[in-house]
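Under full-length UniProt numbering, the first residue of the sequence shown carries the number 1, and numbering increases by one thereafter.
Note that the Cβ used here is the ideal one computed from N, Cα and C, for glycine as well.
Only one structure is covered here, and it is reproduced in the block below.
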Amino acid sequence: MTPANTQISTVAERFEALIPRLETERLILRGHRPADFDAFAAYAQTPRSTGTGGPLDRNLAWRSFCNMTGHWVHRGYGFWVIEDRASARPLGACGLWFPEGWPEREIGWMLWTDAAEGKGIAHEAALAARSYAYDVLGWDTAISLVLDDNTRSAALARRMGCVADGSFEHAQYGAATIWRHPAPADLADGGMEAYA
Numbered sequence: 001m002t003p004a005n006t007q008i009s010t011v012a013e014r015f016e017a018l019i020p021r022l023e024t025e026r027l028i029l030r031g032h033r034p035a036d037f038d039a040f041a042a043y044a045q046t047p048r049s050t051g052t053g054g055p056l057d058r059n060l061a062w063r064s065f066c067n068m069t070g071h072w073v074h075r076g077y078g079f080w081v082i083e084d085r086a087s088a089r090p091l092g093a094c095g096l097w098f099p100e101g102w103p104e105r106e107i108g109w110m111l112w113t114d115a116a117e118g119k120g121i122a123h124e125a126a127l128a129a130r131s132y133a134y135d136v137l138g139w140d141t142a143i144s145l146v147l148d149d150n151t152r153s154a155a156l157a158r159r160m161g162c163v164a165d166g167s168f169e170h171a172q173y174g175a176a177t178i179w180r181h182p183a184p185a186d187l188a189d190g191g192m193e194a195y196a
């Protein structure tokens, strides 16, 4: 008889194989693996996670981690793990998000470690995710929902060409700004074609 944890890994590996894999110059965006949980849980316990529902203990972090993988099942798209191509280290997550109660389909991002900040990693990953949303899924618009005190994410939204397009009061997280991404036809390069 196969041990239960081996069966879980096998199911997780099969599930990951169903998630489209995106590649950029420095990054691989891929499905979640059980081994990614420790990096996510460490992030979720810090004040850095405030904009994504934290801080959370490991129990609640597990639920959040599983929420990201389950989104793929119910919506057909979701967050990818951002993996560094050189080290194979998970750096964060980025992707397409539209849970119940959200105002519109979103492009979101989170970096799990301070060491990943300030290097353009979230920008590179978010551009790949947006290209996938527009070029593969056929989205004609997208937002990024940024809490009002999250100046770094607001700066990234502006860098991606987003404009403030209203506000949203999230029942759990509080006041947020809706940042509207440029439409596919308004992007100068037509997209990154980053998906593999």
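Residues sharing a beta bridge with residue 29, DSSP: 22, 82
Counting only runs that start and end within the UniProt domain "N-acetyltransferase" (27-184), where is the beta strand (DSSP E) found for 3 or more residues in a row? 27-30, 79-84, 90-97, 106-111, 143-147, 163-170, 174-180
Cβ pair residue 112, residue 43 closer than 9 Å: Yes, they are a contact pair.
Spatial neighbours of residue 104 within its chain, please: C-beta separation below 8 Å, excluding the five flanking residues on both sides. Taken in chain order, the residues that qualify are 98, 141, 142, 143, 178.
Under 9 Å between C-beta atoms of residue 148 and residue 185: no
Rounded straight-line distance, which links the Cα of residue 110 to that of residue 49: 8 Å
Beta-carbon separation (whole angstroms), residue 121 vs residue 91, contact threshold 8 Å: Right, their Cβ atoms sit about 6 Å apart.
Buried or exposed: where does residue 66 fall if 16 or more other Cβ atoms within 10 Å of its Cβ makes it buried? Flag for residue 66 reads exposed.
Buried or exposed: where does residue 11 fall if 16 or more other Cβ atoms within 10 Å of its Cβ makes it buried? exposed
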